[in-house]
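In full-length UniProt numbering, the protein residues as written are 1 to 196.
Note that the Cβ used here is the ideal one computed from N, Cα and C, for glycine as well.
Values in this document were obtained by computation on a predicted structure and should not be read as measured data.
See structure below.
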């Protein structure tokens, strides 16, 4: 196995373990057992467990950005629904990693992971603006979209932990939330477009 493939294998093993328990509860021994490698091999690729945790969480944020990038062609609402489905798929695939990434006070949160989360949020806002055809958003529109990303994050955290709502209902509800928020904002700012 190439060095890059081995490194990815260790990250994948960590993410698999994060699927069943919080990242801060996963040990080096757990990871080497899952990846079927020795402790010295682990330390050949990562200087510490923390470094691996951060790299694994970066994998989650990269997946979220890739999920957002998968916008379909068509009207803004269709494109947005596809992006929301992509986010849900990635968050579900990396469930524990996603929860750890967004949980306030997570012991593995760092300035790097905070920056990665901000990158996902900013990318979401950019993609929505692109879908709406708005090159120069007003402050009210930006505020609305940033608030909506917080709604998405909070909803996904709850959904991943409780599964109280079917997945296909969740994505439609999240898009409907944005539609309602845009309508409310348009009542105060006539430059805000509607999601059609």
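Identify which residue in the options has its Cα closest to the Cα of residue i.
| i | options | result |
| --- | --- | --- |
| residue 53 | 139, 65, 61, 23 | 23 |
| residue 95 | 83, 112, 78, 61 | 61 |
| residue 195 | 35, 179, 1 | 179 |
| residue 91 | 41, 27, 1, 120 | 120 |
| residue 183 | 99, 67, 144 | 144 |
At a cut-off of 7 angstroms, would you count residue i as near the ligand SAH, judging by its Cβ distance to the nearest heavy atom?
| i | result |
| --- | --- |
| residue 163 | Among the ligands in the structure shown, none appear at all, so the ligand SAH cannot be discussed. |
Using C-beta distances below 6 angstroms, list every residue in its chain close to residue i, excluding the 5 sequence neighbours before and after it, in chain order.
| i | result |
| --- | --- |
| residue 177 | 151 |
Give every residue of the same chain whose Cβ lies closer than 8 angstroms to the Cβ of residue i, excluding the five residues on either side of it in the sequence, and list them in chain order.
| i | result |
| --- | --- |
| residue 11 | 52, 55, 56, 59 |
| residue 171 | 81, 84, 85, 88 |
| residue 132 | 76, 193, 195 |
Should residue i and residue j be called a contact, given that it needs their Cβ atoms to be closer than 8 angstroms?
| i | j | result |
| --- | --- | --- |
| residue 80 | residue 175 | yes |
| residue 149 | residue 125 | yes |
| residue 142 | residue 102 | no |
| residue 39 | residue 26 | no |
Looking only at its own chain, which residues have a Cβ that is under 7 angstroms from the Cβ of residue i, when we skip the five neighbours before and after it?
| i | result |
| --- | --- |
| residue 97 | 15, 18, 23, 56, 57, 60 |
| residue 140 | 185, 188, 189, 192 |
| residue 7 | 45 |
Every unbroken alpha helix (DSSP H) inside the region 2-66 [4 residues or more]: Taken in chain order, the whole alpha helix (DSSP H) runs of length 4 or more contained in the region 2-66 are 3-18, 28-35, 39-45.
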